[in-house]
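Residues in the sequence shown are numbered consecutively from 221, following this note's numbering.
The structure appears right after this line, and notes come after that.
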Amino acid sequence: MLSRIKGVIDYVEQNLLNDIDYDEIAKIAYCSRNQFARVFSYITGISLSEYIRRRRLTLAGLDVLASNEKVINIAFKYGYNSPDSFTRAFQNMHGVTPTLARTKGLSLKSYTRISFKISVEGVSNMKYRIVEKESFNLVGVVSTCKSKTINEVLNETTGKQAISWKEAMKEEWQIWDEFLGKDIDKKLAKYKLYRSPMWQMGFTKYNKNCQSVIAIGAEQDENHYDDLQTCKIPAGIWAVFTAKGKLTDNLHPISAVWAKITTEWLPNSNYEQILDYELLVFPPGNTSCDNYECELWMPVRKTKPQ
Numbered sequence: 221m222l223s224r225i226k227g228v229i230d231y232v233e234q235n236l237l238n239d240i241d242y243d244e245i246a247k248i249a250y251c252s253r254n255q256f257a258r259v260f261s262y263i264t265g266i267s268l269s270e271y272i273r274r275r276r277l278t279l280a281g282l283d284v285l286a287s288n289e290k291v292i293n294i295a296f297k298y299g300y301n302s303p304d305s306f307t308r309a310f311q312n313m314h315g316v317t318p319t320l321a322r323t324k325g326l327s328l329k330s331y332t333r334i335s336f337k338i339s340v341e342g343v344s345n346m347k348y349r350i351v352e353k354e355s356f357n358l359v360g361v362v363s364t365c366k367s368k369t370i371n372e373v374l375n376e377t378t379g380k381q382a383i384s385w386k387e388a389m390k391e392e393w394q395i396w397d398e399f400l401g402k403d404i405d406k407k408l409a410k411y412k413l414y415r416s417p418m419w420q421m422g423f424t425k426y427n428k429n430c431q432s433v434i435a436i437g438a439e440q441d442e443n444h445y446d447d448l449q450t451c452k453i454p455a456g457i458w459a460v461f462t463a464k465g466k467l468t469d470n471l472h473p474i475s476a477v478w479a480k481i482t483t484e485w486l487p488n489s490n491y492e493q494i495l496d497y498e499l500l501v502f503p504p505g506n507t508s509c510d511n512y513e514c515e516l517w518m519p520v521r522k523t524k525p526q
């Protein structure tokens with residue numbers, strides 16, 4: 221995984237003047253966009269979009285001080301859609317506007333290329349199991365969303381520090397919040413669909429061009445419900461991991477589990493991840509409690525013998 225993360229950084233550094241594609245990053249890292257965003261943020265303490273923002277503004281600062289290029293041209297060069305958004309971002313990082321930095325010859329901040337040193341430890345403290353499950357239907361609410369591109373995120377977060385991976389997935393999480401605000405819990409409880417082992421689920425299917433299908437609900441019984449939508453969950457083998465902690469914390473426990481899966485479990489297992497989708501299972505309990513446990517279901521397949 222260390223080599224994959226380095227590959228992502230290489231790709232980012234080579235494309236700081238170009239559009240940076242989440243899907244291409246996912247291919248290099250060999251994990252989903254969301255998974256890599258979580259792992260990167262958990263390991264580094266900042267989101268990938270914030271890292272890119274800082275690196276671009278570092279190079280932009282060099283251009284401001286070392287050239288006579290117009291500020292508007294520098295703004296467009298580094299992915300900003302207006303000189304105003306660029307000036308806000310520049311001042312937010314460097315503490316001074318580009319024009320003032322140039323005329324006064326002021327010192328600017330520099331954010332160097334990030335490097336990783338990951339210590340891979342044993343995974344004996346990880347709770348997981350392997351489950352083979354037939355396909356089944358999730359009933360609840362289903363929607364499609366498009367995650368924002370890197371440049372869209374950069375231009376939307378110019379006035380603040382985008383330190384959370386959720387910034388890049390903001391629209392997707394807004395849809396989750398919208399779902400949960402539509403009384404889906406009450407409907408599922410009314411129809412008595414909450415039951416072991418799947419309880420309440422969140423399913424995400426990743427398509428190309430940052431498109432995602434998101435579904436929240438419970439496993440369908442033998443009945444049909446006109447006020448609920450259906451989403452088919454594929455059959456397959458799942459590696460099921462337990463995440464423990466408050467779901468209300470900024471440092472989501474599922475992020476920590478993804479980091480351990482990617483850096484510890486997968487390199488030492490006989491499985492490889494299927495990248496197309498993921499499933500979260502939320503049993504009953506107090507989600508604001510430190511001891512709350514939920515599950516991450518990751519689709520996998522056996523690796524071929526070397």
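Where a beta carbon is used, it is the ideal one built from N, C-alpha and C, also for glycine.
This structure is a prediction, so every number in the text was calculated from the model and none was measured.
Inset, instruction - Assuming Val291 and Thr323 form a contact by the criterion Cβ under 8 Å, report the distance between their Cβ atoms to the nearest whole angstrom. - result: Counted from its first residue, the sequence shown places residue 291 at position 71. Counted from its first residue, the sequence shown places residue 323 at position 103. No, Val291 and Thr323 are not in contact; Cβ-Cβ is about 11 Å, not under 8 Å.
Legend entry - Bounding residues of the beta strand (DSSP E) (the contiguous stretch that carries Asn519): Here residue 519 refers to the residue found at position 299 when the sequence shown is read from its first residue. According to the sequence displayed, residue 519 carries Pro and not Asn. It spans 513–522 - the beta strand (DSSP E) in which Pro519 sits, taken as one unbroken run.
Legend entry - Meets three-Cβ-pair contact criterion under 8 Å: the region 432–451 and the region 477–492: no
Inset, instruction - Go ahead and pull the three-state DSSP assignment for Ser287. - result: The residue labelled residue 287 in the question sits at position 67 within the sequence shown. It is coil, neither helix nor strand.
Inset, instruction - Helix, strand or coil for Arg349, going by three-state DSSP, please let me know. - result: Residue 349 sits at position 129 when you count from the first residue of the sequence shown. Reduced to three states, the DSSP call for Arg349 is strand.
Inset, instruction - With DSSP as the reference, please indicate the residues paired to Ser267 in a beta bridge. - result: Sequence index remark: in the sequence shown, residue 267 carries index 47 (1-based). For Ser267, which the question treats as bridged, DSSP gives no partner whatsoever.
Inset, instruction - Go ahead and label Leu282 buried or exposed: buried means 16 or more other beta carbons lie within 10 angstroms of its beta carbon, across all protein chains shown. - result: Your numbering for residue 282 matches position 62 in the sequence shown. Exposed, because fewer than 16 other Cβ atoms sit within 10 Å of the Cβ of Leu282.
Inset, instruction - Taking only the alpha-carbon atoms, compute the straight-line gap between Val343 and Leu277 and give it to the nearest angstrom. - result: The residue given as residue 343 occupies position 123 in the sequence shown. The residue given as residue 277 occupies position 57 in the sequence shown. Only weak support is given to the placement of Val343: the predicted model assigns it a pLDDT of 45, under 50, and the question is left unresolved by the model.
Inset, instruction - Could you tell me which of Ile229, Asp243, Arg224 sits nearest to Tyr426, measuring between CA atoms? - result: The residue you call residue 426 lines up with position 206 of the sequence shown. Minimum Cα distance to Tyr426 is reached at Asp243.
Legend entry - For Arg253 and Cys451, the rounded distance between their alpha carbons: Position 231 of the sequence shown, counted from the start, is the residue given in the question as residue 451. Position 33 of the sequence shown, counted from the start, is the residue given in the question as residue 253. Cα to Cα, the separation comes out at about 21 Å.
Inset, instruction - With a threshold of 16 other CB atoms inside 10 Å of the CB of Thr507, please say whether the residue is buried or exposed. - result: For this step, residue 507 is matched to residue 287 along the sequence shown. Label assigned to Thr507: exposed.
Legend entry - Inter-residue spacing [alpha-carbon to alpha-carbon] between Gln215 and Trp517: Residue numbering for the chain in the displayed model covers 221 to 526; residue 215 lies beyond these limits and cannot be assessed.
Inset, instruction - Return helix, strand or coil for Gly281, following the three-state DSSP convention. - result: For this step, residue 281 is matched to residue 61 along the sequence shown. Helix, per DSSP.
Inset, instruction - With Thr483 as the anchor, note down where its beta strand (DSSP E) starts and where it stops. - result: The residue labelled residue 483 in the question sits at position 263 within the sequence shown. Taken as a continuous stretch (DSSP letters only), Thr483 belongs to no beta strand (DSSP E), as it is neither H nor E.
Inset, instruction - Excluding the 5 residues preceding and the 5 following Val316 in the sequence, name in chain order all residues of the same chain whose CB lies nearer than 6 Å to its CB. - result: Translated into positions along the sequence shown, residue 316 becomes position 96. If we look at Val316 and ignore the five residues flanking it on each side, its Cβ neighbours are Leu326.
Legend entry - Where Thr507 sits in the DSSP three-state scheme: What you label residue 507 is simply residue 287 of the sequence shown in a count that begins at 1. Of the three classes helix, strand and coil, the one that applies to Thr507 here is coil, per DSSP.
Inset, instruction - Could you check which residue in Thr332, Asn288, Tyr298, Met421 has the C-alpha nearest to that of Ala280? - result: Locating residue 280 in the sequence shown gives position 60, where the first residue counts as 1. The candidate whose alpha carbon is nearest that of Ala280 is Tyr298.
Legend entry - Neighbourhood of Val228 by C-beta, 6 Å cutoff - its chain only, sequence neighbours within 5 removed: Position 8 of the sequence shown, counted from the start, is the residue given in the question as residue 228. For Val228, where only same-chain residues beyond five positions count, the Cβ hits under 6 Å are Ile245, Ile248, Ala249.
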